[in-house]
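Colleague: I'd like to ask some things about the structure below.
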Amino acid sequence: MPLVPPYIESLRPYEAGRSIEEVQRIYGLARVSKLASNENPLGPSPLAIEAMFRCMSGLNLYPNGGLDLRRVLAEKYETKVDNVIAGSGSEGIISNIIRAFLGDEDEVLTTDAAFIGFQILAKSRGVAYRTVPYRDWRYDLPALAGAITGRTKIIYLANPNNPTGTIFSKHEFDAFYQHVPERVLIILDEAYFEYVKDTPRYPDSMHYRYDNVITLRTFSKIYGLAGVRIGYGFAHERLITNLLKVKLPFEPSTLAQAAGIAALADKEFLHKSLELNVRGLKFLTSGLREIGLTVITSEANFVMAVLPSAEHAAQLTSELIKQGIIIRPLASFGLPQCVRISTGTTEDNQRCVEAIQKLEVPLSCNS
Ligand SMILES: Cc1ncc(COP(=O)(O)O)c(C=O)c1O
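Residue 170 in this note's numbering sits at position 170 of the sequence shown, and the numbers go up by one each step.
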């Protein structure tokens with residue numbers, strides 16, 4: 001075996017989108033709209049900021065491994081602390097799931113072009129990574145059920161999905177679940193659940209407290225805390241106990257935990273963020289469709305657009321960045337002909353649609 005195993009050598013490190021400051025510097029721009037990473041354009045929850053300031057004087061002490069947040073979440077969701085985990089973002093928890101539950105011969109199963117964070121983490125374990133294509137840009141749950149083998153250990157489902165923004169319904173999940181053996185762990189990644197939880201056909205995964213389902217959520221999106229790294233999950237205590245064995249003992253950090261607890265209580269911020277997102281989604285979807293783009297109907301805080309080719313998608317991204325609008329090309333996800341645009345402030349959204357309107361890049365297969 002070489003020093004670096006081939007399955008690590010062949011990976012590409014996660015490329016974070018360009019920062020606002022970097023784009024300002026490179027292109028000499030005063031104003032930059034970052035619509036690339038599904039962040040909250042309103043900033044962090046104000047209650048979370050206050051809570052972080054309050055706990056600063058205790059930063060000489062080690063944190064307690066997320067216990068305070070786990071207690072708050074257990075009470076909120078009427079479950080036991082033993083059924084809750086907290087970590088450095090939901091990706092931190094995904095990383096621990098992969099470490100705890102995958103053996104060398106196991107397989108991971110998910111959709112083509114799944115959330116890039118999951119792809120990288122799963123592939124870094126060196127096990128077989130199998131996918132089925134999307135159907136109408138949605139998870140094809142019947143095809144996934146049919147693709148389960150004796151070696152399948154983890155099935156990863158993001159609902160809403162990143163990058164397509166689509167969801168599967170309660171009915172569809174129920175039908176799928178019938179085909180999943182108990183020895184297979186289903187990760188239900190609900191990073192965007194707050195944006196869609198009031199939609200009746202959306203499955204509230206807290207009703208699926210099956211022994212082989214782990215629900216993951218995050219404070220990075222609607223609570224505006226992506227920079228703090230705090231996420232959480234719910235599962236059977238046997239799964240949580242084993243995750244606790246492999247997680248870094250002191251994650252999440254004291255600041256992250258305090259921010260998460262306070263953000264959960266920030267109803268006003270949640271409401272404002274939801275409201276802004278509803279308007280942003282409508283505006284981006286209809287505005288971009290009017291100028292000829294194929295936009296997939298989204299239930300999250302971003303939209304995905306499908307361009308005539310990979311070259312068009314790359315050109316659109318690079319033309320927009322020159323004008324101070326950062327969007328996300330999706331080649332690294334496995335969708336080179338697509339881009340993803342997050343909802344921003346009303347002004348950001350307008351700038352984005354107006355800038356695309358003025359470009360000379362062909363936007364649809366008919367243009
Ligand atoms: C589907 C999905 N899961 C997880 C994450 C990562 O969340 P966190 O910041 O909590 O690690 C993202 C972020 O983009 C996401 O889109």
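For each residue, glycine too, the CB sits at the ideal point set by N, CA and C. Please read these numbers as outputs of a predicted model, since none were measured by experiment.
Looking at Val-348 and ligand 1, is the gap between the Cβ and the nearest heavy atom below 7 Å?
Modeller: Here residue 348 corresponds to residue number 348 of the sequence shown, with the count starting at 1. According to the sequence shown, residue 348 is Asp rather than Val. Flag unset: Cβ of Asp-348 not near ligand 1.
Colleague: When a residue counts only if its C-beta is closer than 6 Å to some heavy atom of ligand 1, which residues count, in chain order?
Modeller: The set, ordered by position in the chain, is Asn-38, Gly-89, Ser-90, Glu-91, Phe-115, Gly-117, Ala-158, Asn-162, Asp-189, Ala-191, Thr-218, Ser-220, Ala-226, Gly-231.
Colleague: Does the region 242-253 come into contact with the region 65-73, if we say contact requires no fewer than three beta-carbon pairs (one atom in each stretch) closer than 8 Å?
Modeller: Contact holds: three or more Cβ-Cβ distances are below 8 Å.
Colleague: In whole angstroms, what is the alpha-carbon distance linking Thr-111 and Lys-170?
Modeller: Position 111 of the sequence shown, counted from the start, is the residue given in the question as residue 111. Position 170 of the sequence shown, counted from the start, is the residue given in the question as residue 170. When rounded, the distance between both Cα atoms is 18 Å.
Colleague: Reducing DSSP to helix, strand and coil, say where Gly-287 ends up.
Modeller: Counting from 1 along the sequence shown, the entry for residue 287 is found at position 287. Helix.
Colleague: According to the neighbour-count rule (16 or more other Cβ atoms, all chains shown, within 10 Å of its Cβ), is Ile-25 buried or exposed?
Modeller: Looking up residue 25 in the sequence shown gives position 25. Residue identity differs from the one stated: residue 25 is Arg in this sequence, not Ile. With fewer than 16 other Cβ atoms within 10 Å, it is exposed.
Colleague: Is it true that the CB of Ile-186 sits closer than 8 Å to the CB of Asn-212?
Modeller: Position 212 of the sequence shown, counted from the start, is the residue given in the question as residue 212. Position 186 of the sequence shown, counted from the start, is the residue given in the question as residue 186. Cβ distance < 8 Å, so Asn-212 and Ile-186 count as in contact.
Colleague: Below 8 Å between beta carbons: does that hold for Leu-73 and Ile-94?
Modeller: Residue mapping note: residue 73 aligns to position 73 of the sequence shown, counting from 1. Residue mapping note: residue 94 aligns to position 94 of the sequence shown, counting from 1. No; because the gap between Cβ atoms is not below 8 Å, this pair is not in contact.
Colleague: Distance, Cα to Cα, Glu-360 vs Ile-214?
Modeller: As a working note, residue 360 is residue 360 in the sequence shown. As a working note, residue 214 is residue 214 in the sequence shown. Using only the alpha carbons, I get a separation of about 46 Å.
Colleague: Closest to Val-184 by C-alpha separation, out of Ile-148, Gly-165, Glu-172, would be which residue?
Modeller: In the sequence shown, residue 184 corresponds to position 184, counting from 1. Out of Ile-148, Gly-165, Glu-172, Ile-148 has the C-alpha closest to the C-alpha of Val-184.
Colleague: Taking only runs that begin and end inside the region 13-61, name each unbroken alpha helix (DSSP H) of 4 or more residues, in chain order.
Modeller: Fully enclosed alpha helix (DSSP H) runs of 4 or longer: 20-27, 46-55.
Colleague: Determine contact between the region 135-149 and the region 35-49, defined as no fewer than three beta-carbon pairs at a distance below 8 Å.
Modeller: Result no; under three Cβ-Cβ pairs closer than 8 Å.
Colleague: Just the Cα atoms here: how many angstroms apart are Pro-336 and Leu-270?
Modeller: Position 336 of the sequence shown, counted from the first residue, corresponds to residue 336. Position 270 of the sequence shown, counted from the first residue, corresponds to residue 270. Using only the alpha carbons, I get a separation of about 33 Å.
Colleague: If you check the beta carbons only, do Ile-341 and Ile-327 fall under 8 Å apart?
Modeller: Sequence index remark: in the sequence shown, residue 341 carries index 341 (1-based). Sequence index remark: in the sequence shown, residue 327 carries index 327 (1-based). Contact: yes.
Colleague: In chain order, which continuous runs of the beta strand (DSSP E) of length 3 or greater are located wholly inside the region 53-137?
Modeller: You should have 84-87, 107-111, 128-132.
Colleague: What would DSSP say about Lys-247, mapped onto helix, strand or coil?
Modeller: Counting from 1 along the sequence shown, the entry for residue 247 is found at position 247. Looking at Lys-247 - three-state DSSP - the assignment turns out to be coil, as it is neither helix nor strand.
Colleague: Roughly how many whole angstroms lie between the Cα atoms of Phe-115 and Phe-333?
Modeller: Residue 115 sits at position 115 when you count from the first residue of the sequence shown. Residue 333 sits at position 333 when you count from the first residue of the sequence shown. Using only the alpha carbons, I get a separation of about 7 Å.
Colleague: Can you give the Cα-Cα distance for Pro-13 and Cys-338, rounded to whole angstroms?
Modeller: Walking along the sequence shown from the start, residue 13 turns up at place 13. Walking along the sequence shown from the start, residue 338 turns up at place 338. If I take the Cα positions, the gap works out to 20 Å.
Colleague: Going by DSSP, what residues sit across from Cys-338 in a beta bridge?
Modeller: Within the sequence shown, the letter at position 338 stands for residue 338. Partner(s): Val-306.
Colleague: Let me check one thing: in DSSP terms, what residues is Leu-185 bridge-paired to?
Modeller: Start at 1 with the first residue of the sequence shown, and residue 185 comes out as number 185. DSSP lists Ile-154 as partners of Leu-185.
Colleague: Could you give the DSSP three-state label for Thr-241: helix, strand or coil?
Modeller: Numbered from its first residue, the sequence shown carries residue 241 at position 241. Here Thr-241 sits in helix by DSSP.
Colleague: Along the beta strand (DSSP E) that carries Phe-234, what are the first and last residues, could you check?
Modeller: On the sequence shown, residue 234 is found 234 positions in, with the first residue counted as 1. 231-234 is the span of the beta strand (DSSP E), which, as asked, contains Phe-234.
Colleague: Three-state secondary structure (DSSP) at Pro-329?
Modeller: One-based indexing of the sequence shown puts residue 329 at position 329. Three-state result, Pro-329: strand.
Colleague: Touching or not, the region 282-301 and the region 76-83, by the rule of three or more beta carbon pairs under 8 Å?
Modeller: The region 282-301, when compared against the region 76-83, does not touch it at the 8 Å Cβ threshold.
Colleague: Are there three or more Cβ pairs, one per stretch, closer than 8 Å when the region 124-137 is compared with the region 281-292?
Modeller: No, the region 124-137 does not touch the region 281-292.
Colleague: Please list, in chain order, all residues of the same chain as Ala-314 whose beta carbon is under 8 Å from its beta carbon, the five residues on each side excluded.
Modeller: Position 314 of the sequence shown, counted from the first residue, corresponds to residue 314. Result list for Ala-314: Pro-329, Ala-331, Pro-336, in chain order.
Colleague: Could you have a look at Leu-216 and say whether DSSP puts it in helix, strand or coil?
Modeller: Locating residue 216 in the sequence shown gives position 216, where the first residue counts as 1. Strand, per DSSP.
Colleague: I believe Leu-276 touches Pro-41 by the beta-carbon criterion, under 8 Å. Please report the beta-carbon distance rounded to the nearest angstrom.
Modeller: Within the sequence shown, numbered from 1, the residue matching residue 276 stands at position 276. Within the sequence shown, numbered from 1, the residue matching residue 41 stands at position 41. Leu-276 to Pro-41, Cβ: 7 Å. Contact.
Colleague: By alpha-carbon positions, which one of Phe-234, Val-228, Gln-119, Leu-239 ends up nearest to Glu-190?
Modeller: As a first step, residue 190 must be located in the sequence shown, where it is residue number 190. Taking only the C-alpha atoms, the option nearest Glu-190 is Phe-234.
Colleague: Specify the secondary structure class of Ile-296 as computed by DSSP and reduced to three states.
Modeller: The residue labelled residue 296 in the question sits at position 296 within the sequence shown. Strand.
Colleague: Ignore the nearest five residues each way along the sequence and tell me which others in Leu-284's own chain have a CB closer than 8 Å to its CB.
Modeller: Position 284 of the sequence shown, counted from the first residue, corresponds to residue 284. So the qualifying residues of the chain are Val-295, Val-303, Ile-341, Thr-343, Asn-349, Cys-352, Val-353.
Colleague: Nearest to Arg-99 by alpha carbon, out of Ser-364, Leu-239, Ser-318?
Modeller: Position 99 of the sequence shown, counted from the start, is the residue given in the question as residue 99. When only C-alpha atoms are compared, the closest one is Leu-239.
Colleague: According to the Cβ coordinates, are Val-180 and Ile-155 closer than 8 Å?
Modeller: As a working note, residue 180 is residue 180 in the sequence shown. As a working note, residue 155 is residue 155 in the sequence shown. Going by C-beta atoms, Val-180 is nearer than 8 Å to Ile-155.
Colleague: Looking only at its chain, what residues have a beta carbon closer than 8 Å to the beta carbon of Val-32, apart from the 5 residues adjacent to it on each side?
Modeller: Taking the first residue of the sequence shown as 1, we reach residue 32 at position 32. Ile-20, Val-23, Gln-24, Gly-324, Ile-325, Ile-326, listed in sequence order.
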